[in-house]
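**Student:** My questions all concern the structure below.
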Amino acid sequence: MKEVLEILESDARLSAGEIAIMLSMEEEEIQRVIKELEKKKVILKYMTLVNWEKAGEEKVLAMIEVRVTPQRDTGFDAVAERIYRFPQVRSMHLMSGAYDLAVFVEGQNMREVSHFVATKLATIEGVLSTTTHFVLRTYKQDGVILEDGEKDRRLAVSP
Amino acid sequence: MNRNTSWSELVNPLVRSIPWSGIRKFFDLVTETPGVISLGVGEPDFVTPWHIREACIYSLEKGYTMYTSNYGLLELRQAIARDLQSTRRLIYNPENEILITVGVSEGLDLAMRALVCPGDEVLVPEPSYVSYAPCVVLSGGRVVSLPSTMDSGFRISAEQVAASITPRTKILLLCYPNNPTGTVMDRQTLLEIAEVVRDRNLLVISDEIYDKLTYVGEHTCIATLPGMKERTVLLNGFSKTYAMTGWRVGYAAGNADFIGAMTKIHQYTMLCAPITAQMAAVEALQNGGPAMMHMVQEYNRRRLLVIHAFRDMGLPCFEPGGAFYAFPEISGTGLSSEEFARHLLQEEKVAVVPGNAFGSSGEGFVRCSYTTSVESLSEAFRRMARFVKARGVQPKTVNVTVPDVSYLIPPAAEEAAG
Ligand SMILES: Cc1ncc(COP(=O)(O)O)c(C=O)c1O
């Protein structure tokens with residue numbers, strides 16, 4: 018099962034048939050395992066990693082450090098939910114250290130992101146402070162180097 | 040010098056007698072054709088793992104740019120000794136029983152030159168790696184081929200070795216896992232061969248450069264068999280295991296006197312292996328395990344796809360247990376190895392290496408490396424399937440018997456698995 022996940026994580030387009038051969042298993046078995054993993058939400062979604070800059074689209078990404086007051090019964094979770102439900106939030110983590118939530122927000126431009134932080138995020142009850150850091154350049158995402166200059170330089174035929 | 044004498048006449052007749060590698064001939068053809076998917080590459084598609092490259096950069100920053108001892112960096116020899124002890128339970132003294140060479144290629148050349156006297160015979164199982172025969176010839180020896188066939192899984196037998204021995208026979212050259220067939224040798228057959236070697240007082244040069252790339256059963260190092268360590272020169276390197284082909288670093292391990300003889304040649308002809316590569320090799324041995332395992336797992340998955348693809352297109356292909364090559368039989372297409380490779384390249388833009396480049400017993404086969412992405416492999420096989428079908432090969436039907444590799448699974452493991 019772990020192997021199926023590893024293979025799919027590196028290339029979601031491989032068919033159950035191909036995965037079955039690679040792992041010396043039956044295709045039906047692989048299909049069953051994948052269905053099961055999807056049902057249990059171990060596999061959440063199949064997506065495409067896009068280099069938007071190359072596609073000519075203007076987008077900005079900001080990492081916002083958020084300090085919050087935890088609540089008696091729910092700790093950080095209730096405040097966190099009020100934040101991550103916004104579609105502008107691409108990813109979000111509860112952190113150890115000087116602040117509590119690392120919130121990655123995406124927008125068309127800096128103004129849009131600032132507006133979101135000022136009017137939505139900072140005003141949520143329980144949010145104590147926000148510090149916004151705009152991303153200047155993404156080098157690597159989800160294990161993939163965006164502009165990888167390493168190409169196949171091998172001779173076409175060798176002993 | 041008489042100006043009318045041509046250079047080629049001045050060249051040493053031994054050098055003149057050896058042909059250009061069949062691979063070389065084919066190479067020019069491939070590079071002239073755009074858009075080719077090449078299954079002809081005998082090296083990993085992975086770039087050397089970053090931690091190894093980074094360690095090398097660090098060594099340069101620290102100024103490691105000088106000669107090393109002729110034997111190589113002691114730290115590297117110690118790391119190799121530890122590796123051989125932990126993986127094979129072989130004890131070699133890093134002071135004088137291990138020599139760092141410029142790849143297995145140099146190790147092979149040194150071993151031949153240190154051992155072979157004019158007229159000595161060297162037994163070389165075939166199909167074989169392209170350098171073996173020329174190295175024997177250049178050191179004045181004579182190659183005695185031990186042809187192997189698909190029926191036996193491209194394994195030679197002890198009887199075959201015994202039957203080929205003459206009073207001039209000195210060396211048996213072994214290479215398992217094998218290039219080009221991917222054959223892994225089972226322990227029992229190796230034990231039988233070792234017995235012949237001991238009885239008939241031969242030496243073994245064992246090129247085990249693919250030892251870590253063993254997918255079925257376990258690799259048996261011939262030096263670990265009874266009485267064999269003192270008769271074996273073990274050659275190994277970093278090219279395949281750690282994806283370090285361009286670094287040019289390998290090693291030879293064996294009897295101190297013999298390693299000393301090789302070192303004597305090495306000291307005058309090479310001085311030492313490049314220190315930069317030696318520093319990187321230390322890092323590979325110290326921290327390269329996880330990255331290597333990852334590559335091995337990836338090769339194995341592709342290997343299974345490859346075996347399956349050939350079965351689907353109807354080409355008989357023996358299951359390769361190691362290395363990163365498959366060696367399917369293509370004679371069902373009615374073409375020779377060279378014709379097959381040439382037409383496949385021209386019509387479908389897929390490059391494979393004609394089997395006869397590895398000796399005449401490779402005729403009727405082609406070598407396909409799976410050192411390329413799954414995506415490219417799948418596309419190459421789609422094209423190849425179309426090509427062989429057009430030549431009357433029935434998909435999904437293999438009419439000849441292809442042996443299975445159950446002999447590689449020790450009985451105990453079989454029980455546990457069942
Ligand atoms: C069987 C075998 N031995 C030796 C070599 C050469 O290895 P190295 O890069 O260590 O010189 C190769 C490379 O293709 C090989 O396949």
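Chains as they are written, first to last, in this note's numbering: chain S, 18 to 176; chain P, 40 to 457. Beta carbons are placed, not taken as given, at the ideal position from N, Cα and C, and that holds for glycine.
1. Applying a beta-carbon distance threshold of less than 8 Å, which residues of chain P neighbour S/Ala173?
2. Suppose contacts are defined by Cβ-Cβ distances below 8 Å. Is P/Glu136 in contact with P/Ala292 by that definition?
3. Can P/Cys174 be considered in contact with ligand 1, in the sense that its beta carbon sits closer than 7 Å to one or more heavy atoms?
4. Between P/Ala396 and the rest of its own chain, which residues show a CB-CB distance below 6 Å, the 5 nearest in sequence each way excluded?
5. Given 7 Å as the limit, tell me if P/Pro52 has its C-beta closer than that to any heavy atom belonging to ligand 1.
6. Find the nearest neighbour of P/Arg128 within the set P/Ser399, P/Pro265, P/Ala362, P/Glu48, judged by alpha-carbon distance.
7. S/Glu53 touches chain P at which residues, Cβ-Cβ below 9 Å?
8. Do the CB positions of P/Ser278 and P/Gly142 come within less than 8 Å of each other?
9. Out of S/Gly34, S/Glu35, S/Val59, point me to the one whose CA is closest to S/Met18's CA.
10. Considering only the beta carbon of each residue, do P/Leu115 and P/Ile139 sit closer than 8 Å?
11. How is S/His150 classed by DSSP in three states: helix, strand or coil?
12. Are the CB atoms of S/Val106 and S/Ala79 within a distance shorter than 8 Å?
13. What residues does ligand 1 have around it, judged by CB closer than 6 Å to any heavy atom, in chain order?
14. Using a 10 Å radius around the Cβ and a threshold of 16 neighbouring Cβ atoms, would you call P/Pro359 buried or exposed?
15. In chain order, what residues of the same chain lie with their CB nearer than 6 Å to the CB of P/Val80, ignoring the 5 residues before and after it?
16. Pull out every residue of the segment 331–342 of chain P whose Cβ sits closer than 7 Å to any Cβ of chain S, in chain order.
17. Can you list, in chain order, the residues of its chain with a C-beta nearer than 7 Å to that of P/Thr259? Leave out the 5 residues immediately preceding and following it.
18. Which runs of the beta strand (DSSP E) at least 3 residues long sit entirely within the segment 101–149 of chain S? Give them in chain order.
19. According to DSSP, simplified to helix, strand and coil, what is P/Asp238?
20. Once DSSP output is grouped into helix, strand and coil, what is the label at P/Phe404?
21. Please state the DSSP three-state secondary structure of P/Leu53.
22. Let me confirm a value: P/Tyr338 is counted as buried when at least 16 other C-beta atoms fall within 10 Å, else exposed. Which label applies?
23. Restricting to runs no shorter than 3 residues, where is the beta strand (DSSP E) found entirely within the segment 198–267 of chain P?
24. Can you find a CB in chain S that lies within less than 8 Å of the CB of P/Val437?
25. Can you tell me whether P/Ala456 is buried or exposed? The criterion is at least 16 other CB atoms within 10 Å of its CB, across all chains shown.
26. Along the chain, where does the beta strand (DSSP E) that runs through P/Arg181 open and close?
27. Between the alpha carbons of P/Cys174 and S/Val161, how many angstroms are there, rounded?
28. Nearer than 7 Å: is that true of the beta carbon of P/Val69 relative to any heavy atom of ligand 3?
29. Between which residues of its own chain and P/Val86 is the CB-CB distance below 7 Å, once the five residues before and five after are set aside?
30. Any beta carbon from chain S within less than 8 Å of P/Ile96's own beta carbon?
31. When burial is assigned at 16 or more other CB atoms within 10 Å of the CB, is P/Arg55 buried or exposed?
32. What is the DSSP secondary structure of P/Val287, counted as helix, strand or coil?
33. For P/Ala316, does the three-state DSSP call read helix, strand or coil?
34. Between the C-alpha atoms of P/Thr104 and P/Val50, what's the straight-line distance to the nearest angstrom?
35. Which residues does DSSP list as the beta-bridge partners of S/Lys157?
**Tutor:** In terms of the structure at hand:
1. The residue you call residue 173 of chain S lines up with position 156 of the first sequence. What S/Ala173 touches in chain P: Phe66, Val69, Thr70, Val75, Ser77, Gly79, Val80, Ala390.
2. As a working note, residue 136 of chain P is residue 97 in the second sequence. As a working note, residue 292 of chain P is residue 253 in the second sequence. Yes, these two residues count as a Cβ contact at 8 Å.
3. Reading the second sequence from its first residue, position 135 is the one you call residue 174 of chain P. P/Cys174 Cβ: outside cutoff for every heavy atom of ligand 1.
4. Taking the second sequence and counting its residues from 1, the one referred to as residue 396 of chain P is at position 357. Counting only Cβ-Cβ distances below 6 Å, and skipping sequence neighbours, we find Gly61, Ile62.
5. Position 13 of the second sequence holds residue 52 of chain P. False, no ligand heavy atom lies under 7 Å from that Cβ.
6. Along the second sequence, read from residue 1 onward, the residue named residue 128 of chain P stands at position 89. For P/Arg128, the nearest C-alpha among the options comes from P/Pro265.
7. As a position in the first sequence, residue 53 of chain S is number 36, starting the count at 1. The premise fails here: S/Glu53 is roughly 21 Å from chain P at the closest Cβ pair, so nothing lies under 9 Å.
8. Residue mapping note: residue 278 of chain P aligns to position 239 of the second sequence, counting from 1. Residue mapping note: residue 142 of chain P aligns to position 103 of the second sequence, counting from 1. Yes, they are a contact pair.
9. Taking the first residue of the first sequence as position 1, residue 18 of chain S is located at position 1. Looking at the Cα atoms, S/Val59 is the closest of the given residues.
10. Position 76 of the second sequence, counted from the start, is the residue given in the question as residue 115 of chain P. Position 100 of the second sequence, counted from the start, is the residue given in the question as residue 139 of chain P. A contact, by the Cβ cut-off of 8 Å.
11. Counting from 1 along the first sequence, the entry for residue 150 of chain S is found at position 133. Strand, per DSSP.
12. Indexing the first sequence from 1 puts residue 79 of chain S at position 62. Indexing the first sequence from 1 puts residue 106 of chain S at position 89. No, Cβ-Cβ distance for S/Ala79 and S/Val106 is not below 8 Å.
13. S/Pro176, P/Gly81, P/Gly142, P/Val143, P/Ser144, P/Tyr168, P/Cys214, P/Asn218, P/Asp246, P/Ile248, P/Gly276, P/Ser278, P/Thr284, P/Gly289
14. Against the second sequence, residue 359 of chain P aligns to sequence position 320. Buried.
15. Counting from 1 along the second sequence, the entry for residue 80 of chain P is found at position 41. Answer for P/Val80: Ser408, Thr410, listed in chain order.
16. Arg340
17. Your numbering for residue 259 of chain P matches position 220 in the second sequence. Met224, Arg226, Leu229, listed in sequence order.
18. 106–111, 118–124
19. The residue given as residue 238 of chain P occupies position 199 in the second sequence. It is helical.
20. For the purposes of this step, residue 404 of chain P is identified with residue 365 of the second sequence, where counting begins at 1. Note: P/Phe404 maps to strand in three-state DSSP.
21. For the purposes of this step, residue 53 of chain P is taken as residue 14 along the second sequence, with counting starting at 1. Helix, per DSSP.
22. Counting from one through the second sequence, the residue named residue 338 of chain P turns up at place 299. So P/Tyr338 counts as buried.
23. 208–213, 242–246
24. In the second sequence, residue 437 of chain P corresponds to position 398, counting from 1. P/Val437 does not count as touching chain S.
25. Within the second sequence, residue 456 of chain P is the residue found at index 417, counting from 1. The predicted model places P/Ala456 with a pLDDT of 46, which falls under 50 and marks its position as unreliable; any figure quoted below should be read in that light. With fewer than 16 other Cβ atoms within 10 Å, it is exposed.
26. As a position in the second sequence, residue 181 of chain P is number 142, starting the count at 1. Per DSSP, P/Arg181 belongs to the beta strand (DSSP E) from 181–186.
27. One-based indexing of the second sequence puts residue 174 of chain P at position 135. One-based indexing of the first sequence puts residue 161 of chain S at position 144. Roughly 44 Å between the two C-alpha positions.
28. Ligand 3 is not among the ligands present in this structure, which contains only ligand 1.
29. One-based indexing of the second sequence puts residue 86 of chain P at position 47. Around P/Val86: Ala282.
30. Here residue 96 of chain P refers to the residue found at position 57 when the second sequence is read from its first residue. It does not; no Cβ of chain S falls within 8 Å.
31. Locating residue 55 of chain P in the second sequence gives position 16, where the first residue counts as 1. The residue in question, P/Arg55, is exposed, as its Cβ has fewer than 16 Cβ neighbours within 10 Å.
32. Numbered from 1 along the second sequence, position 248 holds the residue referred to as residue 287 of chain P. The question names Val, yet the displayed sequence has Arg at residue 287 of chain P. It is coil, neither helix nor strand.
33. As a first step, residue 316 of chain P is located in the second sequence; it is residue number 277 there, counting from the start. If DSSP states are grouped into helix, strand and coil, P/Ala316 belongs with the helices.
34. Here residue 104 of chain P corresponds to residue number 65 of the second sequence, with the count starting at 1. Here residue 50 of chain P corresponds to residue number 11 of the second sequence, with the count starting at 1. Whole-angstrom Cα-Cα distance: 36 Å.
35. Your numbering for residue 157 of chain S matches position 140 in the first sequence. DSSP lists S/Ile162 as partners of S/Lys157.
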